[in-house]
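Residue numbers (full-length UniProt numbering): 1 to 717. No residue lacks a Cβ here, since even glycine has one placed at the ideal position from N, Cα and C. Here's the structure, in structure tokens; my notes come after.
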Amino acid sequence: MVTAHDNVPRLCPLFHLKSFTCIAQLSSETLFNCTSLAEASQFYSSLIQRCIEKKSFTDATVIHTHILKFGFLHLNIGNKLTDAYFKCSCIVDARKLFDELPNRFIVTWNSMISYYINHRRSKEAILLYTRMVPEGVLPDEFTFSSVFKAFSELGLVNQGQQAHGLSVVLGLEVSNVFVGSALVDMYAKFGKMKDARLVSNRVMDKDVVLFTALIVGYNQQGDGGGALEVFGNMINQGIKANEYTFASILITCGNLEDLSVGKLVHGLAIKSGFESAVASQTSLLTMYARCGLIIDSLNVFNKILHPNQVTWTSLIVGLVQNDKAELALSKFREMIRSSLSPNSFTLSSVIQACSSLAMLESGKQIHTIVMKFGLDTDGYAGAALIDMYGKCGSTEMARSVFGTLIQVNVVSMNSMIYGYAQNGFGYEALKLFKKMKDLELEPNGVTILSVLLACKNAGLVDEGCQIFDSIRNNYKSIELTRDHYACMVDLLGRCGRLEEAEMLIKQVSNQDVVLWRTLLSACKIHGEVEMAERAVNEALDITPGDEGTHILMSNLYASTGNWSQVIEMKSSMREMKLKKNPAMSWVDVNTEVHTFTAGDWSHPRSREILETLENLMEKVKKLGYVPDARFVLQDFDEENKKRSLYCHSEKLALAFALWMTSDKTTSIRIFKNLRVCGDCHSWIKFVSKVVGREIVARDAKRFHHFKEGCCSCGDYW
DNA sequence: GTAGGGTTAG
1 MVTAHDNVPR LCPLFHLKSF TCIAQLSSET LFNCTSLAEA SQFYSSLIQR CIEKKSFTDA
61 TVIHTHILKF GFLHLNIGNK LTDAYFKCSC IVDARKLFDE LPNRFIVTWN SMISYYINHR
121 RSKEAILLYT RMVPEGVLPD EFTFSSVFKA FSELGLVNQG QQAHGLSVVL GLEVSNVFVG
181 SALVDMYAKF GKMKDARLVS NRVMDKDVVL FTALIVGYNQ QGDGGGALEV FGNMINQGIK
241 ANEYTFASIL ITCGNLEDLS VGKLVHGLAI KSGFESAVAS QTSLLTMYAR CGLIIDSLNV
301 FNKILHPNQV TWTSLIVGLV QNDKAELALS KFREMIRSSL SPNSFTLSSV IQACSSLAML
361 ESGKQIHTIV MKFGLDTDGY AGAALIDMYG KCGSTEMARS VFGTLIQVNV VSMNSMIYGY
421 AQNGFGYEAL KLFKKMKDLE LEPNGVTILS VLLACKNAGL VDEGCQIFDS IRNNYKSIEL
481 TRDHYACMVD LLGRCGRLEE AEMLIKQVSN QDVVLWRTLL SACKIHGEVE MAERAVNEAL
541 DITPGDEGTH ILMSNLYAST GNWSQVIEMK SSMREMKLKK NPAMSWVDVN TEVHTFTAGD
601 WSHPRSREIL ETLENLMEKV KKLGYVPDAR FVLQDFDEEN KKRSLYCHSE KLALAFALWM
661 TSDKTTSIRI FKNLRVCGDC HSWIKFVSKV VGREIVARDA KRFHHFKEGC CSCGDYW
């Protein structure tokens, strides 16, 4: 046996080897017969090979100690041992040994880099990659085919381009399709589809992976046409699509909401034998859901034998997007029962389902599940929770979730600002907007819309104007849309700056009915008949039968006593068969939603509701509430007169909730599909004082927080 | 001995 230290043949000290479990089978003859370095190297290699086969970490460490002692770390032995550590999944030891190696093989570099990339440790992968050239090792096709992913994951465009340059210099960009497709993927992830296309054109032997990377890139850029074109090219070149390709191109069809092409591709997938592949099935059910065919989507799902986490999530997302919130929730429970865990995608969708129904209680249940899976600090799940609590009027809860987020990004900021905005906390929203600047987070269009909404709901006219102007003049990167303009028109119109509001609308290139209707509604507040008539004409030019416009105008005529015009409006509405959307309120009591429409006494607890209302009426009158005269003077019998006092749906919903719940510490939440009426608004203020509880009312426009006889909107809504 | 593409969200 030899050692590397003295290069002189001598006997191997047997006692070192006794503890080797894998060596026990080697004959002692082999041990003693090593008389050259090559032989010793061969001997160690075979030992390490045994370790790899047995995946024995203990043996690997013993060999490690031994070869250190006898100085055999060089040659191929150290590299081989690194491989053994990898195969035993002992990465820390592999890295430690890697750092000790006097000479590292390219394969060892590559293994190390690819390990880091596959375990989302891109930074470490790039650090190693940048060490290669200075240490005299040139990256090869294996290095490049994995390292580009690290650049795209970290968004390092310049460094990625530099690495691309080196791969060109080394002649690997066009000659190796692995390198080529990794490059295409990187540029696609950077959103640089032109560069992706340029690389793909140069690659010599294009294959299905390269084309799929291009298709996915176009999908992510929202360019369905581009994706379909690539798919066509691929088929024309005789390259067959596989499971991954079908998964991607079906998403294209869904994004384009193109059912006919979608069905065509579905047929092709069946013909190609990928009908039962889970990935393409998942995309298939997503495609049908995007095209609005929920039944077909469910049918695809039901045929899948082993749906995975993503499949379940895709189904739930599809249901939520098609307003099937209840079904989405029940599918979610089914998913949990099948002992699959949800991820942040799943949970944010389910939370969205809760906020669309304004089901705060179910939402809270989902919140506990979010915490159970440790996702309450996750940006996406967090943003969904903030959004839900905001929509349910729980600003406090939204704020508390916001506070627990580990990393605040634009989306979670937007959710919180929007939450403040809809609940009338204008200054809080502005404060957060300022903090965003301090944190150097770049605001986007949604941020600005939320901030403007906050100003509008709190009557912060100057602040709103200032922000709007500064974005328009200095922030060319944010595109101001019709929604931003509509918000400003509302803000200016409400405070009586009608001329400015009208001027603003005229600056919008693609005007819609909403803009003019907003101005019209401002005209109604300020009794501006002349401008209102102009607005009506403009609105009806764009959407001739718009019912909102008709209703607003007839209300405006009524409020200015112009009865002949009211009659004319009403008859033209009748002719056009326009009907008012019936007012509706609902309340979530013990996770059950109870709905009430105006003047509807069909609820099984009507008697109790009426009693509660009579009881409340007596008390609020003592505090100074005066019922709106229009509701008491109608010619009804006694019973109906009593009921007509309480005809509005929000009063019924509130009374029911008060009767059902007695805990004074919890607030009551009622919801209305239209805007809350002036009389009810005043009545609820008094009720909040009488019952000593917080009452939150969400109407079509915003939230009202009633407490101690006051409302958070300051009577401005 | 080591390598590239997919499906779910705000």
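Going by DSSP, V696 is part of no alpha helix (DSSP H) but of the beta strand (DSSP E) stretching over 695-698. Sequence-distant Cβ neighbours of C713 in its own chain, meaning closer than 6 Å and more than five residues away, are G424, H704. Around the beta carbon of A700, a 10 Å sphere encloses fewer than 16 other beta carbons of the protein chains shown; the residue is thus reported as exposed. Annotated as proximal: Y420 and L432, with beta-carbon spacing under 8 Å. Each residue's CA atom was taken as its position, placing Y716 and M584 some 22 Å apart. In terms of Cβ geometry, A150 and I117 form a close pair [threshold 8 Å]. Counting of Cβ neighbours within 10 angstroms places G403 among the exposed residues, the total staying below 16. In the DSSP assignment, the residues bridged to I670 are V587, A697. In terms of Cα proximity to R104, the closest of K87, S688, V133 is V133.
K707 is bridged by DSSP to C710. The region 54-64 and the region 75-93 touch, with no fewer than 3 CB-CB distances between them shorter than 8 Å.
Per the DSSP secondary-structure output, V593 pairs in a beta bridge with D588. S314: member of the alpha helix (DSSP H) spanning 309-321, first to last residue. Put simply, of S362, E575, D83 the residue whose alpha carbon is nearest the alpha carbon of A325 is S362.
C-alpha of V461 to C-alpha of Y485: approximately 14 Å in a straight line. Of the candidates K364, R131, A353, S167, A353 places its Cα closest to the Cα of S330.
The continuous alpha helix (DSSP H) containing W683 extends over residues 678-691. Here E502 has L519, M531 as same chain residues with Cβ atoms under 7 Å from its own Cβ, once five neighbours each way along the sequence are excluded.
When only Cα atoms are considered, S145 and G464 end up about 51 Å apart. G267 and A277 have their C-alpha atoms roughly 14 Å apart. Around the beta carbon of D469, fewer than 16 other beta carbons sit within 10 angstroms, so the residue counts as exposed. CA-CA distance, F332 to L138, rounds to 51 Å.
At the C-beta level, A429 and I417 come within 8 Å of one another. Rounded to whole angstroms, the Cβ separation of F72 and A38 is 12 Å, and the two are not in contact under 8 Å. The continuous alpha helix (DSSP H) containing W516 extends over residues 513-526.
Along the length of the region 63-115, whole alpha helix (DSSP H) runs at least 4 residues long occupy 75-87, 91-100, reported in chain order.
Residue state for E442 is assigned as coil, using DSSP reduced to three classes. Burial check for H119: the Cβ neighbour count within 10 Å stays below 16, so the residue is exposed.
Relative to the Cα of L623, the nearest Cα in the group G318, V691, E608, I304 belongs to V691. Collapsing the DSSP output to three states places H484 in a helix. DSSP places K149 in the uninterrupted alpha helix (DSSP H) bounded by 141-154. Shown here for E611: not one same chain residue has a beta carbon closer than 6 Å to its own, the five before and five after excluded.
Where W659 is concerned, the enclosing alpha helix (DSSP H) starts and stops at 649-660. Nearest C-alpha to K80 among D59, I48, Q466, E100: I48. Between V168 and G180, the C-beta spacing is not below 8 Å. Under the Cβ criterion (8 Å, minimum of three pairs), the region 302-312 counts as touching the region 272-289.
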